[in-house]
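There are 2 protein chains.
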Amino acid sequence: MILGIDIGGSKVALALGDGEGRILGETRLGPPDPSPARALADILIEARGLLSGAGVAAPDAIGVSAPGPLDRRAGTLCGPPNLPTWRDAPVVGPLSEALGAPAYLENDANAAALAEWRFGAGRGARRLVYLTMSTGVGGGLVLDGRLYRGRGDLAGEIGHAPIEWDGALCACGLHGCLEAYVGGRAWTEHLRRVVSDETELARKAGGASGLRPEHVVAAARAGDARAKEELERFVGYLARGVVLAVVAYAPDVVVLGTIASAAGETLCFAPLREQVRARIWPAAWEDLRILPAALGARGPGLAGICAALEGLRGERETGRLGED
Amino acid sequence: MILGIDIGGSKVALALGDGEGRILGETRLGPPDPSPARALADILIEARGLLSGAGVAAPDAIGVSAPGPLDRRAGTLCGPPNLPTWRDAPVVGPLSEALGAPAYLENDANAAALAEWRFGAGRGARRLVYLTMSTGVGGGLVLDGRLYRGRGDLAGEIGHAPIEWDGALCACGLHGCLEAYVGGRAWTEHLRRVVSDETELARKAGGASGLRPEHVVAAARAGDARAKEELERFVGYLARGVVLAVVAYAPDVVVLGTIASAAGETLCFAPLREQVRARIWPAAWEDLRILPAALGARGPGLAGICAALEGLRGERETGRLGED
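Those sequence lines, one after another, are chains A and B.
Numbering (my numbering) for the first sequence: 1491 to 1814.
Numbering (my numbering) for the second sequence: 1491 to 1814.
Listed below in structure tokens is the structure:
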């Protein structure tokens, strides 16, 4: 049995399952304690509960999915934006020691890409690109059936590809990044700037200053013209990112999470596919699938499990913990 | 011994060598006959000459590097732009039969990427991106020590990534492709359109209508201000393509061939590196190498040899000829 743990800024998810994605038990915690040691103590209580509930003495492996930057070999988080107090915080060592099993750490977007590839929308695809639009835009790549990380785990960061040269300033400091147009934070800032308080859309959020992407999705679904306009803008920029991903990787499937999957088929995927199709070669379009993430609430736990499966695979193949 | 053959629109190169890139003999032919059968007969005469000159009865393997589109499994060319009469032309079968050795076909940009990775500027790099700017812009990827082709061999075609959304029309029919700005054909058309006949630069080409990128490189090297301006424009757009490649693949090394390598360090690589550096994350810049192709005239023959080495590797690993 594999214990998967997803550590996020707003919650922690745990799942106990096997290598085929069958879940024996899962649970969730609120935002992790700013002190990594205390947070790990909380996580261990839940983990032991899951294990004893399933009658498992110790897991075969532990996988941790967490936001980057992180040091995979050292098994530490390096102060990611959503967990700034987790700086050089050992995660793998304490968990491994406490639970008596090898533990592996993986970037959360990579782990989510692996989960959608093994168990979700991209099951069986030879090449998968995963993009998630939450606060920022994360990306993960499975190329020729293996995770591709790139130097310093930086590959696939299509969220920071320039989709508009000299374009909008991104939170990362660069200009024109995809994230500066479709990331949750950037889109929220944009909405609060451009949507008038007088609109029905703003009223639903208690004023423009309370607007979030969710309001736009809900209002567009209800037929609100102003909301549809903003969603079209979102889809238009998202198409640019997907086009870059298709040109760069020639994938079989592009899986989109969070905002895109929440917006759904009619408002997001149907127009997105048409826009992408018009901007790539017919040969690159043929058989290309552009799909919403399929794992939903089970995703984070499965991402943790996939972090362990990938760590085990890497060790098996190279005899050492994830090179580079 | 491996026989490498590079079939291009303007010439054919042959090299006989080993898996370490040691060349026993090499030769060149002019443009291949429009009839593939006659061209292959010409190639076979040269190949037999190389083999007998080296005292080799038959090669262990044959590798053919040729422009796409091609059908690797069928071993046929599919009417590439520079060899339009080579449509569904069998190449691998006749060569293999005539010389009594397995033969493998590979896209020329992929084969050149492998050659620079095995024997050239990217020797030993774990992840290499190769871009070549001749008539069009070709790309090849070696990721985690293996050729990455993508679906339909379309990965790495950074030449057709949109560096300017709704930008210049590309020969491929899309808009804003890198190739539409830095490809040899596109740049030549641009020069003939914007450079005045009255300039020193145009005079050196016998009038603006005779201008080619080589004239710009030579004149810029001699200090011509107008030529420098055009070369700066070229480098500026090239930087956009390199930035996309770095974001997408997080490579250790980016190798640039043809026009870029001809322009050299001062006019191209030094300003290019500065522009790329300003547009990517510091972590992506650190230890990144952006280098001219190193193989020069030996490149095409070695590319052919690498096509064979890659085919042999694929068969060894999968038990069948290059999947997909």
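C-beta: ideal position from N, C-alpha, C; glycine also.
Remember, predicted model here, so these are calculated numbers, not experimental data.
Closer than 7 angstroms to chain B by CB, residue i
i	result
A:Arg1641	yes
A:Ala1773	yes
A:Glu1669	no
A:Tyr1594	no
A:Ala1740	yes
A:Leu1746	no
A:Leu1799	no
A:Leu1644	yes
A:Leu1534	no
A:Leu1792	no
A:Leu1530	no
A:Leu1757	no
Residues of its chain near residue i, where Cβ-Cβ distance is below 7 angstroms and the 5 sequence neighbours each way are ignored
i	result
A:Lys1718	Ala1710
B:Gly1663	none
A:Trp1655	Gly1666
A:Gly1520	Lys1501
B:Asp1814	Confidence is the limiting factor: at B:Asp1814 the pLDDT is only 44, short of 50, which leaves the residue's position unreliable, though a coordinate-based value still follows. Closer than 7 angstroms at Cβ, skipping near neighbours: Arg1641.
B:Ala1579	Pro1526, Thr1566, Leu1567
A:Leu1659	His1665, Ala1670
Exposed unless 16 or more other CB atoms sit within 10 angstroms - verdict on residue i
i	result
B:Thr1575	exposed
A:Ala1547	exposed
B:Ala1768	exposed
B:Gly1635	exposed
A:Ile1653	buried
B:Ser1555	buried
B:Pro1703	buried
B:Thr1756	exposed
A:Thr1748	buried
A:Arg1730	buried
A:Glu1690	exposed
B:Gly1812	At B:Gly1812 the pLDDT is 46, less than 50, meaning the model places this residue with poor confidence; the figure from the coordinates comes in the next sentence. Buried.
B:Ala1750	buried
A:Pro1524	exposed
A:Asp1687	exposed
A:Ser1624	buried
Backbone secondary structure at residue i - three-state DSSP
i	result
B:Glu1647	coil
A:Val1502	strand
A:Ala1729	helix
B:Thr1756	helix
B:Ser1699	helix
A:Ala1551	strand
A:Ala1797	helix
B:Thr1748	strand
A:Pro1522	coil
A:Asp1578	strand
A:Glu1807	helix
B:Pro1772	helix
B:Asn1597	strand
B:Leu1621	strand
A:Pro1652	strand
Cutoff 7 angstroms: residue i Cβ touching any chain A Cβ
i	result
B:Val1737	yes
B:Glu1647	yes
B:Asp1656	no
B:Tyr1638	yes
B:Leu1802	no
B:His1650	yes
B:Leu1621	no
B:Leu1781	no
B:Leu1618	no
B:Leu1734	yes
B:Leu1560	no
B:Leu1728	no
B:Leu1519	no
B:Leu1633	yes
Cβ separation of residue i and residue j, assumed to be a contact under 8 angstroms, to the nearest whole Å
i	j	result
B:Asp1742	B:Ala1615	4 angstroms
A:Gly1553	A:Ala1798	3 angstroms
A:Leu1792	A:Leu1785	6 angstroms
A:Val1581	A:Leu1567	6 angstroms
B:Phe1724	B:Trp1677	6 angstroms
A:Gly1626	A:Ala1783	Rounded, the Cβ-Cβ distance is 16 angstroms, inconsistent with contact.
A:Ala1651	B:Val1737	5 angstroms
Chain D residues whose Cβ lies nearer than 9 angstroms to that of residue i
i	result
B:Leu1604	Given the protein chain composition of this structure (A and B), no chain D is represented.
Close-in-space but distant-in-sequence residues of the same chain around residue i (CB under 6 angstroms, 5 per side omitted)
i	result
A:Ala1695	Leu1701, His1705
A:Pro1584	Leu1530
B:Asp1496	Ala1503, Ser1555, Pro1790, Ala1793, Gly1794
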